[in-house]
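Shown next, in structure tokens, is the structure this report addresses.
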Amino acid sequence: MDITVLYKLSYGMYVIGAFKNGRPAGCIVNTCFQITNEVPRVAVSLNKNNYTLEAIRENKRFSLSILTEDSDPAIIGRFGFTSSRDTDKYEGFGYEVCDFTPCVNGRFAGRLILEAEKTVDCDTHVIVIAKVVDTIEGCGTPMTYAYYHNVIKGKAPKSAPTFRPTEDAPWGEAVRKRRFECDVCFYVAETDGEDLPDDYVCPICGADRSHFKEV
């Protein structure tokens, strides 16, 4: 079976926020869709090992913030490639408590306040079916996973349902590009043949030059 066909499916980019033991947790998800209208409900997919899933199971209520094309990419790095078990993901960004849920500060297309109603076991992931309790208006063009992948040059973490084990280099480059991959968030930086500067910092996760290996 050619699973690359699945790469044609469309996804968004979202920040999930929930409290656990009085402390805010959060993560990035790229699988969320509306499933009912009159009583609005959405389905969200989270990895079984995700600490934020534990927070949702504990408190039921959580927030979903819709990333925009001009959202701070550092939010993706922090919430997508670290764990709330041992990291305060909100440090440096701050958050607002919205209807008993943490909402990280930043530019978002909008936010949903959700109440988990049931879960569906899907092997490595769990689908959380949640009722929309409230909405908060935002602004900006929602970021799709295709935009994150093709424009920001980001990749999915291994816990994501859309993780791709290997990805080919671009075709038809007039100048031989050198590509350097971050070993924290897998962001790929390209140069026109030169090395990365010593003071280079990953635009996604903030890792320094030592975390980049040529690929």
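Counting from 485, one number per residue, gives the positions in the sequence shown under this note's numbering.
Glycine included, C-beta positions come from ideal geometry on N, C-alpha and C.
Non-local beta-carbon contacts of Thr552 in its own chain, meaning distances under 8 Å to residues more than five positions away in sequence, involve Arg591, Phe592, Ala593, Gly622, Cys623, Gly624, Thr625, Pro626 and Met627 in chain order. Bounds of the alpha helix (DSSP H) holding Asn634 are Tyr629 to Asn634. Counting along the chain, Tyr535 sits inside the alpha helix (DSSP H) bounded by residues Tyr535 to Asn543.
Membership of Phe696 in the beta strand (DSSP E) is indicated by the continuous run Phe696 to Glu698. A check of alpha carbon separations from Lys697 across Ile620, Phe664, Lys532 and Val672 identifies Phe664 as the nearest.
Around the beta carbon of Pro557, 16 or more other beta carbons lie within 10 angstroms, which makes this residue buried. For Ile560, the uninterrupted alpha helix (DSSP H) run begins and ends at Pro557 to Phe565, by DSSP. For the options Thr619, Val489, Arg507 and Arg595, the alpha carbon positioned closest to that of Glu542 is the one of Arg507.
Ranking Ile540, Ile620, Met497 and Arg693 by CA distance to the CA of Lys602 puts Ile540 first. Contact check for Gly638 against Tyr671 passes: the beta carbons are separated by less than 8 Å.
Cβ atoms of Arg545 and Lys615 stay farther apart than 8 Å, at about 10 Å.
For Arg595 and Asn514, the gap between their C-alpha atoms comes out near 15 Å.
From the listed residues Cys587, Arg662, Asp679 and His633, the smallest Cα separation to Ala502 is found for Cys587. Excluding its 5 nearest sequence neighbours in each direction, Glu678 has no C-beta neighbour in its own chain below 6 Å. Under the DSSP assignment, Ala527 falls in the beta strand (DSSP E) whose first and last residues are Arg525 to Asn531. Pairing Leu537 with Leu598 gives a Cβ-Cβ distance that is not under 8 Å. Under the three-state reduction of DSSP output, Ile487 falls in the helix class.
With a contact defined as Cβ atoms closer than 8 Å, Thr608 and Asn531 qualify at about 6 Å. Annotated three-state conformation of Arg591 is coil, per DSSP.
Asn534 counts as buried, since at least 16 other C-beta atoms from the protein chains shown sit within 10 angstroms of its C-beta. When Gly561, His695 and Arg562 are compared, the shortest CA-CA separation from Pro681 is found for His695. Excluding sequence positions up to five before and after Asp618, its CB lies within less than 6 Å of the CB of Asp583 and Ile597, all in the same chain and listed in chain order.
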